[in-house]
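Take a look at the structure set out below.
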Amino acid sequence: MASEGSEDEHPSVTLFRQYLRIRTLQPEPDYGENSAVSGCVVAPGRVVTVLTWPGTNPKLSSVLLNSHTDVVPVFQEYWSHDPFEAFKDADGYIYGRGAQDMKCVSIQYLEAVRRLKAEGHHFPRTIHLTFVPDEEIGGHQGMELFVKRPEFQALRAGFALDEGLANPTDAFTVFYSERTTPFPLPLPGVRVTSTGKPGHGSRFIEDTAAEKLHKVVSSILAFREKERQRLQSDPQLKEGAVTSVNLTILEGGVAYNVVPATMSASFDFRVAPDVDLKAFEGQLQDWCQAAGEGVTFEFAQKWTEPQVTPTDDSDPWWAAFSGACRDMNLTLEPEIFPAATDSRYLRAVGVPALGFSPMNRTPILLHDHDERLHEAVFLRGVDIYTRLLPALASVPVLPSES
């Protein structure tokens, strides 16, 4: 099938495919291509674009629809089609980096607002659409800076929607919190450094850095296995409800025949929201002390307490969101997001946020080769937002607003 949209293609699908063709991949995203919209410059070359649909009652807090514009790198040799062609096959699957993460949601927001405006709707609450850079590398020159700016404060956001994940079942996943990441991605999370006696590689040297580092690595990987088994043994648990850890970097040594005086191991920790962070930090300290003298650990950035968005019907935002989904006969599966999104910055400044990407019956392919989304799933997502936005933008006056 030709890469360009056919005459009978739905205009929303055509727009989605056009957006996929913009090469905003890290580490050098082309944020400027085809852009004629100004925005808030949060860092050199990093702009947050804000589109606003004013509500009828400007005294009320607003609804924020957030999406990021960057995508992760690709290994083109493993793709069936050019990842920036937005190829649509005969079955209706659209291939492209960002098809699921999260250019689909950006266009679904736009098309839902377009449809509602064309139908003449007006709602009490203002709706803002934000398009932010650099989420895929931690958001440190994107949302993290934006929430500190007066331009963000001027939005008066009372609630936000952000990205979620596909769900291969009939249900739709909605994320109300995230696991703690003790660092600004993409830096290593916890770095363990071991020092010991150096010497010639032919000798049995006592108290080496490698021996002691091995003990810490073994302790952490044993903890990893315990958490993995806990997840697998309880069908009620989801990945975001347990702590994950992976050994990602090993460093040390200068030559094959020289025993190094220093070695280090770096780990990517994603800590469940119900974990006592001080106690967990103490556990890391205990593992290092048990390995011997000269073993220490450090964070690239200290732990931060996770924030949780309410998911009970006493919360007016959740009641509006879940009620609209119920009216559409959508089955929701509330979960803790297993990784990190820009929602954490919103929650940290007091804006409740839900991560939601309406893609059910769809394999999770974000960051994967052949990332793709069926056009029917994409179009249904537009329909879903067309029902969700009126509900959220019509939430009655809150006690804090009266």
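With positions in the sequence shown counted from 1, the corresponding number in the numbering used here is that position plus 1092.
Glycine included, C-beta positions come from ideal geometry on N, C-alpha and C.
Nothing here was measured: the structure is a model prediction, and the numbers come from that model.
I'd like the list of long-range same chain contacts for residue i, defined as Cβ closer than 8 Å, with 5 residues on each side in sequence excluded.
| i | result |
| --- | --- |
| Pro1146 | Thr1218 |
| Gly1345 | Pro1352, Met1355 |
| Leu1329 | Arg1322, Leu1323 |
| Val1367 | Thr1272, Thr1335 |
| Gly1188 | Arg1109, Leu1112, Arg1113, Pro1175, Phe1176, Glu1177, Ala1178, Phe1179, Lys1195, Glu1463, Arg1464 |
| Pro1402 | Tyr1268, Trp1409, Trp1410, Pro1444 |
For residue i and residue j, what's the separation of their Cα atoms in angstroms?
| i | j | result |
| --- | --- | --- |
| Arg1439 | Val1400 | 8 Å |
| Gly1230 | Cys1132 | 18 Å |
| Val1487 | Val1155 | 10 Å |
| Phe1389 | Gln1377 | 7 Å |
| Phe1499 | Leu1157 | The structure shown does not extend to residue 1499, since the chain is modelled only from 1093 through 1494, so no value can be given for it. |
| His1214 | Thr1148 | 7 Å |
| His1160 | Glu1255 | 9 Å |
| Gln1381 | Val1387 | 7 Å |
| Gln1233 | Ser1294 | 49 Å |
| Leu1424 | Glu1169 | 37 Å |
| Asp1183 | Glu1236 | 40 Å |
| Phe1251 | Asp1475 | 20 Å |
| Asp1193 | Leu1457 | 9 Å |
| Thr1261 | Gly1415 | 21 Å |
| Leu1208 | Thr1144 | 14 Å |
| Ala1302 | Gly1442 | 45 Å |
| Glu1243 | Ser1153 | 15 Å |
| Ala1483 | Lys1307 | 55 Å |
| Gly1384 | Glu1373 | 18 Å |
| Ala1364 | Val1309 | 20 Å |
| Lys1151 | His1459 | 40 Å |
| Ala1314 | Ser1325 | 16 Å |
| Gly1473 | Phe1448 | 10 Å |
| Ser1494 | Lys1240 | 26 Å |
| Ala1210 | Pro1225 | 29 Å |
Taking the DSSP output, what are the residues bridged to residue i?
| i | result |
| --- | --- |
| Gly1344 | Met1355 |
| Asn1452 | Asn1259 |
| Glu1101 | Note: Glu1101 sits in no beta bridge, so no partner. |
| Tyr1187 | Arg1464 |
| Trp1145 | Ile1219 |
| Lys1195 | None, per the DSSP bridge assignment. |
| Cys1132 | Val1140 |
| Ser1494 | Beta-bridge pairing links Ser1494 to no other residue. |
Got a sec? Which residues, its chain only, sit under 6 Å from residue i by beta carbon, not counting five neighbours each side?
| i | result |
| --- | --- |
| Asp1299 | Gly1288, Lys1289 |
| Ser1358 | Pro1280, Arg1283, Thr1340, Ile1341 |
| Glu1319 | Val1334, Thr1335 |
| Tyr1477 | Gln1200, Ala1204 |
| Thr1285 | Ser1356, Thr1388 |
| Asp1360 | Gly1281, Asn1338, Thr1340 |
| Arg1316 | Val1337 |
| Gly1332 | Arg1271, Glu1427, Ile1428, Phe1429, Pro1430 |
| Ser1198 | Ser1159 |
| Val1105 | Glu1467 |
| Val1469 | Met1451, Thr1454 |
| Tyr1185 | Arg1464, His1466 |
Strictly under 8 Å for the Cβ-Cβ distance: is residue i near chain C by that measure?
| i | result |
| --- | --- |
| Val1284 | Absent from the structure is chain C; it holds one protein chain and no more. |
Which class does residue i belong to by DSSP, given the choice of helix, strand or coil?
| i | result |
| --- | --- |
| Phe1059 | Missing from the structure shown is residue 1059; the chain here goes from 1093 to 1494 and no further. |
| His1306 | helix |
| Phe1215 | coil |
| Tyr1237 | Residue 1237 is actually Leu in this sequence, not Tyr. Here Leu1237 sits in helix by DSSP. |
| Ser1172 | coil |
| Val1474 | helix |
| Ile1428 | strand |
| Val1489 | coil |
| Lys1151 | coil |
| Val1400 | coil |
| Phe1167 | coil |
| Phe1179 | coil |
| Ser1469 | Looking at the sequence itself, residue 1469 is Val, so the reference to Ser does not match. DSSP places Val1469 in helix when its eight states are reduced to three. |
| Thr1106 | helix |
| Glu1270 | strand |
| Ser1336 | strand |
| Phe1264 | strand |
Please go through the same chain and pick out, in chain order, the residues whose beta-carbon is closer than 7 Å to the beta-carbon of residue i, but skip the five residues on each side of it.
| i | result |
| --- | --- |
| Ala1411 | Asp1405 |
| Gly1190 | Leu1112, Val1163 |
| Ile1297 | Lys1289, Gly1291, Val1351 |
| His1173 | Phe1179, Tyr1187 |
| Pro1165 | Leu1117, Gln1118 |
| Glu1101 | none |
Give the C-beta separation of residue i and residue j to the nearest angstrom, bearing in mind that I take them to be a contact with Cβ-Cβ under 8 Å.
| i | j | result |
| --- | --- | --- |
| Glu1270 | Asp1434 | In fact, because the Cβ distance is near 10 Å, the residues do not count as touching under 8 Å. |
| Val1139 | Tyr1123 | 7 Å |
| Glu1467 | Lys1180 | 7 Å |
| Leu1480 | Phe1413 | 7 Å |
| Ala1258 | Pro1136 | Not confirmed; about 34 Å, so no contact. |
| Leu1247 | His1220 | 5 Å |
| Asn1452 | Phe1264 | 5 Å |
| Leu1253 | Leu1446 | 6 Å |
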